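full-length UniProt numbering puts the sequence shown at residues 1 to 260. Glycine residues also receive a C-beta, built at the ideal position from the N, C-alpha and C atoms. Treat the numbers as computed from the prediction; the structure is a model and nothing was measured.
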Amino acid sequence: MTDMPPPPPSTQRRSDGQSELPPPPGSASGKQGGDTAGAWMVTFTDLVALLLTFFVMIFAMSNVKTQDWSSLTESLRRQLNSVAGQRVASPSMRMDVPSPERTPGDDLDYLAELLAGHLSETPALADARLRRGEDRLFLSLPADLLFASGDFTLTPQAAEAVFQLGGVLRNMPNALAVVGHADPRKPVTRYPSNWELSLLRAQAVVAALRSGGVEGRIRARGQGDSRYDELPAMADEAERRALARRVDLVIHDTAREPVE
């Protein structure tokens with residue numbers, strides 16, 4: 001008896017004797033691919049969204065010009081619209097940053113009256129000028145009464161006067177800054193610029209105020225001759241330069257911060 005050859009693989013018989021045909025192409029039991037052909041679009045859209053987030057972060061950490069920012073966001077928005085087929089909102093640079101709350105200090109009018117009374121009783125500070133600003137009080141001390149020419153060390157008389165002034169200011173909770181100024185003439189001393197000399201003089205006044213009992217943070221700054229043009233014009237230029245050489249005590253209407 002002749003043996004029959006086995007059926008081809010495409011028509012294998014099942015156990016019940018029926019022939020089993022191979023699944024048609026593209027069916028669920030075959031290779032999948034027809035319904036996943038557009039999956040790359042989802043991945044690509046996610047990638048572009050991540051790139052947008054990255055650039056937003058980079059721009060947020062740098063100084064951005066408004067024109068450059070608008071150009072970048074518009075370009076990215078057009079790219080996303082072409083991929084996703086829908087309009088994408090443009091990111092905004094506007095941020096609502098809450099302003100820190102400041103504790104108010106003593107009334108400036110009251111402090112001005114108190115300081116005016118003290119100056120009238122202190123001959124060494126008789127030429128000091130007191131001026132009221134919108135949110136601060138300026139007490140200008142002529143540098144010629146405090147220091148020798150080209151020096152930043154307080155004279156003994158000036159050191160005593162500033163020490164007594166510190167005894168008055170220590171009872172005031174208001175924020176305080178000390179700003180040194182100079183005239184526009186080039187220094188002939190060992191200091192390379194008027195800015196350094198004005199800063200050293202401001203620091204010397206701060207030290208004298210602290211010895212008088214003023215606590216908390218006191219900011220010392222040197223302006224050099226940068227504010228000279230703001231002084232009123234005078235017929236005598238020497239008088240104007242003398243007015244420029246000064247140390248300003250700036251008393252703010254907010255409370256002084258403690259030293260950390």
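Task: Between the CA atoms of Ala159 and Ala244 - distance to the nearest angstrom - done: Translated into the one-based positions of the sequence shown, residue 244 becomes position 244. Translated into the one-based positions of the sequence shown, residue 159 becomes position 159. So the alpha carbons of these two residues sit roughly 21 Å apart.
Task: Three-way DSSP call (helix, strand, coil) for Leu231 in this model - done: Indexing the sequence shown from 1 puts residue 231 at position 231. Three-state DSSP puts Leu231 in coil, outside helix and strand.
Task: Chain-order list of residues whose beta-carbon lies under 6 Å from that of Leu125 (same chain, five-residue window excluded) - done: In the sequence shown, the residue the question calls residue 125 occupies position 125. Around Leu125: Leu119, Ala161.
Task: Touch test, the region 147 to 154 against the region 212 to 220, Cβ-Cβ under 8 Å, three pairs minimum - done: no
Open item on the list: Based on DSSP bridge pairs, tell me the residues matched to Leu51.
Closed with: Your numbering for residue 51 matches position 51 in the sequence shown. DSSP lists no partner for Leu51.
Task: Backbone secondary structure at Arg240 - three-state DSSP - done: By one-based count along the sequence shown, residue 240 stands at place 240. Arg240 falls in the helix class under three-state DSSP.
TODO: Using a threshold of 9 Å, state whether the C-beta atoms of Ala202 and Val168 are closer than that.
DONE: Here residue 202 corresponds to residue number 202 of the sequence shown, with the count starting at 1. Here residue 168 corresponds to residue number 168 of the sequence shown, with the count starting at 1. Pairing Ala202 with Val168 gives a Cβ-Cβ distance that is not under 9 Å.
TODO: Alpha carbon to alpha carbon, how far is Ile251 from Phe152? Give it in angstroms, no decimals.
DONE: Locating residue 152 in the sequence shown gives position 152, where the first residue counts as 1. Locating residue 251 in the sequence shown gives position 251, where the first residue counts as 1. Cα to Cα, Phe152 sits roughly 22 Å from Ile251.
- [ ] Give every residue of the same chain whose Cβ lies closer than 7 Å to the Cβ of Trp40, excluding the five residues on either side of it in the sequence, and list them in chain order.
- [x] Here residue 40 is taken as the residue at index 40 of the sequence shown, counted from 1. So the list is empty, once near-sequence residues are dropped.
Task: C-beta atoms of Leu176 and Leu249 nearer than 9 Å - done: The residue you call residue 176 lines up with position 176 of the sequence shown. The residue you call residue 249 lines up with position 249 of the sequence shown. Contact annotation: Leu176 and Leu249 have beta-carbon atoms nearer than 9 Å.
TODO: Taking residue 305 as part of the beta strand (DSSP E), name the residues at either end of that continuous run.
DONE: The shown model of the chain, from 1 to 260, leaves out residue 305, and the question about it has no answer.
Task: Boundaries (first-last residue) of the beta strand (DSSP E) holding Ser140 - done: Taking the first residue of the sequence shown as position 1, residue 140 is located at position 140. Note, Ser140: beta strand (DSSP E), 136 to 142.
Open item on the list: Quick check: what's the CA-CA separation for Arg240 versus Glu121?
Closed with: Counting from 1 along the sequence shown, the entry for residue 240 is found at position 240. Counting from 1 along the sequence shown, the entry for residue 121 is found at position 121. So the two alpha carbons sit approximately 26 Å from each other.
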